[in-house]
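To start, the structure itself, in structure tokens.
2 protein chains.
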Amino acid sequence: MSGEGGSLSAGWKRPALPCPALSLPRLKAFTCCCRVGDGRAPSTDTMAAAQVGSVLVTGSNRGIGLELVKRFLGKPNPPQWVFAACRDPEGPRAQELRSLAAKHPSLALVQLETTNEESIRAAARKVEGCLGGSGLNLLINNAGIMRPCTLDSATAQEMLEVYATNLVGPMLVTKAFLPLLRKAAQESHQKAMCCAKAAIVNMSTVLASIEKTPETYFFVPVISYRCSKAALNMLTKLQSMGYKEEGILCTALHPGWVKTELGSDQADLTVEESVNGIMKVLCSLSEKQHGVLVTWEGKTLPW
Amino acid sequence: MSGEGGSLSAGWKRPALPCPALSLPRLKAFTCCCRVGDGRAPSTDTMAAAQVGSVLVTGSNRGIGLELVKRFLGKPNPPQWVFAACRDPEGPRAQELRSLAAKHPSLALVQLETTNEESIRAAARKVEGCLGGSGLNLLINNAGIMRPCTLDSATAQEMLEVYATNLVGPMLVTKAFLPLLRKAAQESHQKAMCCAKAAIVNMSTVLASIEKTPETYFFVPVISYRCSKAALNMLTKLQSMGYKEEGILCTALHPGWVKTELGSDQADLTVEESVNGIMKVLCSLSEKQHGVLVTWEGKTLPW
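Chains as they are written, first to last, in my numbering: chain V, 58 to 360; chain Z, 58 to 360.
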């Protein structure tokens, strides 16, 4: 659960017994991970991730998206470009991004409304201009929304709006940035697929696992969200089929249940804990995770 | 693959080697099945299905939907009511349905445009009136569309239109008929879940199986269709969770690759062969298939 809008806390009560699938035990290992500015030596995984030359994160003004931007900037060997895309980089909700940009010349803020095709095209042009002929290595489709929505309350409008943001948005963004991802794949010296070469990471959720629905349904039905994200899992698999020959890695990622606006403050994980795991997973992604739904801990989830 | 619109033949070439997942061996057993008016004794399965008191089929003016209507009418012990729903029961494409209605007083044609909420509400009122206080046993959400659509060609409008018909439509139809399905479940003497008690059957497809995508992708990408039907599989699972306590069976069904307008004349199965299998499957559905994707042969498909 991640993204730009919606909240689990609005209208939902946590059941007395937390759902076993969502309340994953927090790994003690997390406490040993390198965090931005904590002064400790970076882990091997963090070093490996240093090879990513450029990354774009959608929905980057808060929550997991913002933390991903911070981590990439804080790496010992950061990307040449970190593109932080969000709806309104000039608005009050992007204050933290603007402060970061003032300190980091490699951070470019990009206006991108994932349901607006003109905005997406303009964003791709801006990113292409910054890259000056190079490709984009890593696209993280993180922007998404979740609304409280039961089988009883679901409306056509809500189903379509959530699908537009969570499925159509990532599809359009990927299409717009595909030429830059292809360029990165062609330019790369890496033979094997990986995030340092060219990769699309679609932010999904365990709630989109049809197989695991019995473990999570009564905790949080969110019909519109689940249907849109199950479709996003399908899109990821289709992209993995369509882009494999070009060497572009495609993976769907479950970030855990995270204390964000979307995940609510009742969630299991802090943003930092989740993104610690995600950064390690990004470093280790290979053909094995191509067309696969993986968790922030690197485990495979069933569809 | 089934439904009211679109065609596999438009813009698609069948590869030299047919896809193994779609060219299922035709079971010789099919030739022994009872067909409408063929004079042979009905099979045990067909007899069992006799217990369905009322059934509604959407997208019933042609293809699989029309054949389902014929089979229910032709049963040795047919339902008291067969509701054949389609967009335009007065139009030229519903001629065969009108001919059937002239011969079968138990067949009621129902105007139902699955993307029009007023039309759905009016259809539910009409069906409720016919049933005169009884419930509806079986709802078959068969209406659907498929459009040629690749990762390159997919547009926002197309993704949303196909989702509206293939996911939102069945969701709205189910919501509108739920009170009648609940009534049927409450009235029934059947203890176990089955189609004779109360059931929702959502027409899905093997193309919606994310797991099986590698077997089918290069044969027919149909991105918008696959994403919408993967979401429909999720909706079926959610419905199976939400309606289990009320005794309403919920199943997603893959009808095979069928020679319909949607499946094209290159398909493996005739409509009759597919519906032979589907009728047997409907008869045998039980809690085992609740929240499951099953084929016209009764086999379980992975999500």
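C-beta atoms are modelled at their ideal positions from N, C-alpha and C, and glycine is treated no differently. Please read all numbers here as calculations on a predicted model, not as lab measurements.
L157 (chain V) sits in a helix when the DSSP states are folded into three classes.
The beta carbon of R283 (chain V) sits closer than 7 Å to some beta carbon of chain Z. Runs of the alpha helix (DSSP H) spanning 4 or more residues and lying entirely within the segment 161-221 of chain Z occur at 174-188, 213-220, in chain order. DSSP, read as helix, strand or coil, puts L319 (chain V) in coil.
For C251 (chain Z), there is no enclosing beta strand (DSSP E), since its DSSP letter is neither H nor E. At a C-beta separation below 9 Å, P227 (chain Z) has no neighbours in chain V, since its nearest C-beta there lies roughly 11 Å away.
Inter-residue distance for S297 (chain Z) and N290 (chain Z) is about 11 Å (C-alpha atoms, whole angstroms).
Beta-bridge pairing by DSSP links A309 (chain Z) to Z:N259, Z:L350.
The criterion of a C-beta distance shorter than 7 Å is satisfied by G313 (chain Z) and S331 (chain Z).
For A324 (chain Z), the CB contacts under 7 Å within the same chain, skipping 5 residues up- and downstream, are W314, V315, K316 in chain order.
Within chain Z, the residues M291, K294, L295, S297, M298, G348 have their CB atoms less than 9 Å from the CB of T270 (chain V), given in chain order. Between L264 (chain Z) and C284 (chain V), the gap from beta carbon to beta carbon reaches 7 Å or more. With a contact defined as Cβ atoms closer than 8 Å, L306 (chain V) and M216 (chain V) miss out at about 30 Å. M216 (chain Z) belongs to the set of residues whose beta carbon lies under 7 Å from a beta carbon in chain V. Rounded to whole angstroms, the gap between the alpha carbons of T115 (chain V) and G348 (chain V) is 20 Å. In the DSSP assignment, V338 (chain Z) falls outside any beta strand (DSSP E) and lies within the alpha helix (DSSP H) extending over 328-341. Residues of chain Z whose Cβ lies closer than 8 Å to the Cβ of I177 (chain V) do not exist; the shortest such Cβ separation is about 10 Å. For G131 (chain Z) and D209 (chain Z), the gap between their C-alpha atoms comes out near 46 Å. When 9 Å is used as the limit between beta carbons, P278 (chain V) is near these residues of chain Z: L295, M298, G299, in chain order. The segment 164-173 of chain V and the segment 210-230 of chain V touch, with three or more beta-carbon pairs separated by less than 8 Å. For W138 (chain V) and S261 (chain Z), the gap between their C-alpha atoms comes out near 43 Å.
Straight-line spacing of the CA atoms in P135 (chain V) and F234 (chain V) works out to 21 Å. About 7 Å separates the beta carbon of I257 (chain Z) from that of L238 (chain Z), a gap short enough to meet the 8 Å contact definition. By the Cβ criterion, the segment 193-213 of chain Z is in contact with the segment 116-125 of chain Z, since at least three pairs of Cβ atoms, one from each stretch, lie closer than 8 Å.
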